[in-house]
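To start, the structure under review is shown below, and the notes come after it.
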Ligand code: SF4
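Residue numbers (this note's numbering): 352 to 756.
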């Protein structure tokens with residue numbers, strides 16, 4: 352039997368697809384990339400925005416049109432929200448909601464084909480941010496018991512992964528019998544093997560000084576993805592976020608105190624109902640003043656069932672587009688500023704498939720020359736630039752200063 356697994360959505364979804372692949376392999380199924388070669392296709396869907404809905408439906412329809420048609424199983428958040436709609440798509444054979452998906456993969460250790468392993472340690476959230484559909488679909492917070500985290504981590508290191516990314520819907524709320532995320536990092540960082548740990552996206556209000564101090568350990572990558580969402584306190588309050596812009600700025604300062612080289616990125620939502628030009632401008636100037644490393648910008652998308660769905664004073668779509676573009680341009684500038692500090696410096700990186708490598712401080716570098724190291728392996732790279740694009744030169748091949756450094 353051959354099967355394919357497709358994913359739309361976040362890292363959490365990707366890690367669950369990895370676990371599903373591992374479960375199928377344990378059951379003697381061969382994983383293939385091309386759905387035309389598969390007897391069964393699993394489509395792990397997302398519904399975080401209208402665009403995610405559209406991508407999920409397009410993928411389902413495309414696979415259902417194949418002849419001969421594989422058996423089609425649709426799973427994940429879009430099913431959780433709109434199962435009847437999914438069942439009505441001609442060719443869908445089975446649907447699994449999130450509960451069923453998690454039950455199917457509960458004890459599978461992800462053995463992905465990717466260069467960096469995603470290890471899901473937490474799921475669910477009860478913060479109730481006004482715009483967020485994810486917490487409504489994934490339920491209350493749960494944490495993987497630490498013994499299971501450690502055993503999966505060891506298996507991934509043994510399988511040859513040098514970078515393991517801890518993920519969760521609200522990762523900073525990890526808690527297992529007295530062990531929080533800082534405690535978990537302490538347990539993992541002293542495991543045997545040659546690895547580094549990266550944290551996935553983490554909510555600012557869950558990062559305390561103990562956790563920040565963990566980043567002094569060089570086995571933990573100096574990279575934080577801290578969703579900001581807005582730099583305007585009135586909008587943060589409307590969103591139901593549990594911090595102010597001042598508290599966020601203080602956290603950034605604390606992180607840089609422990610790791611001056613940290614790459615700190617953020618999600619920002621533009622166009623929440625009630626976000627006027629002044630609020631947006633406060634966000635823009637706040638982000639610029641913090642000198643973050645990059646932004647992920649999302650135009651607000653109303654999701655039925657969330658508090659923000661029925662908020663008044665909607666921002667027109669053209670205005671959301673304009674604000675998104677402004678922040679994306681700012682992100683390009685921030686990224687190049689952060690990168691520029693590392694030109695001519697050496698960083699450890701994990702080789703990815705293709706000709707790229709990802710440094711500990713989250714710079715994706717194009718590899719110059721033939722790389723003798725397989726994907727997943729560690730290399731030390733001298734960072735340069737080629738036509739504005741960051742590139743990496745393998746340290747042991749560098750005999751004189753390469754062009755662009
Ligand atoms: S948790 Fe949110 S982002 Fe992730 S797959 Fe579900 S809806 Fe999409």
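From the three backbone atoms N, C-alpha and C, an ideal C-beta is built for every residue, glycine too.
Check: Cβ contact check for the region 519-527 and the region 482-495: 3 or more pairs under 8 Å; Outcome: yes
Check: C-alpha gap between residue 424 and residue 561, whole angstroms; Outcome: 43 Å
Check: Reference residue 361, options 396, 375, 372, 354, closest by Cα; Outcome: 396
Check: Residue 646 beta carbon less than 8 Å from that of residue 678; Outcome: yes
Check: Helix, strand or coil at residue 525 [DSSP, three-state]; Outcome: coil
Check: Check whether residue 613 and residue 575 have beta carbons under 8 Å apart; Outcome: yes
Check: C-beta atoms of residue 415 and residue 386 nearer than 8 Å; Outcome: no
Check: When 708, 737, 738 are compared against residue 731, the one with the closest alpha-carbon; Outcome: 708
Check: Closer than 7 Å: residue 656 CB and nearest the ligand SF4 heavy atom; Outcome: no
Check: Simplified DSSP assignment, three categories, for residue 599; Outcome: helix
Check: Neighbourhood of residue 587 by C-beta, 6 Å cutoff - its chain only, sequence neighbours within 5 removed; Outcome: 581
Check: Three-state class that DSSP yields for residue 495 in the structure shown; Outcome: coil
Check: CB-CB length for residue 381 against residue 420, believed under 8 Å; Outcome: Not quite, the Cβ-Cβ distance comes to about 19 Å (not below 8 Å), so this is no contact.
Check: Length of the line joining the Cα atoms of residue 639 and residue 715; Outcome: 22 Å
Check: Integer-rounded CB distance, given that residue 566 should sit under 8 Å from residue 573; Outcome: 6 Å
Check: Span of the beta strand (DSSP E) around residue 699; Outcome: 697-702
Check: Length of the line joining the Cα atoms of residue 500 and residue 476; Outcome: 19 Å
Check: In DSSP terms, what residue 563 is bridged to; Outcome: Note: residue 563 sits in no beta bridge, so no partner.
Check: Within 8 Å, strictly: CB atoms of residue 525 and residue 535; Outcome: yes
Check: Residue 645 (DSSP reduced to helix, strand or coil); Outcome: strand
Check: Residue 437: CB within 7 Å of a non-hydrogen atom of the ligand SF4; Outcome: no
Check: Contact belief for residue 727 with residue 511 at Cβ below 8 Å, rounded distance in angstroms; Outcome: 5 Å
Check: Supposed contact pair residue 355 and residue 383 - C-beta distance, whole angstroms, cut 8 Å; Outcome: 6 Å
Check: Euclidean distance between Cα positions of residue 402 and residue 717; Outcome: 29 Å
Check: Short CB-CB distance (under 8 Å) between residue 457 and chain C; Outcome: This model lacks chain C altogether; it includes just one protein chain.
Check: Residue environment, residue 497, which counts as buried when at least 16 other CB atoms sit within 10 Å; Outcome: buried
Check: Contact test: residue 481 Cβ vs the ligand SF4 heavy atom, cutoff 7 Å; Outcome: no
Check: Residue 690 burial status per 10 Å Cβ neighbour count (16 or more: buried); Outcome: buried
Check: Per-residue burial, residue 700 [other beta carbons within 10 Å of its own, 16 or more giving buried]; Outcome: buried
Check: Presumed contact (8 Å Cβ cut-off) between residue 374 and residue 459, rounded CB distance; Outcome: 4 Å
Check: Contact test: residue 521 Cβ vs the ligand SF4 heavy atom, cutoff 7 Å; Outcome: no
Check: Residue 363 CB to nearest heavy atom of the ligand SF4 below 7 Å; Outcome: yes
Check: Three-state secondary structure assigned by DSSP to residue 734; Outcome: strand
Check: Distance cut-off 7 Å: residue 728 Cβ against heavy atoms of the ligand SF4; Outcome: no
Check: Nearest candidate by alpha-carbon position, reference residue 452, set 431, 508, 462; Outcome: 431
Check: Close beta carbons around residue 549, own chain, < 7 Å, minus the five adjacent residues each side; Outcome: 514, 516, 572, 574
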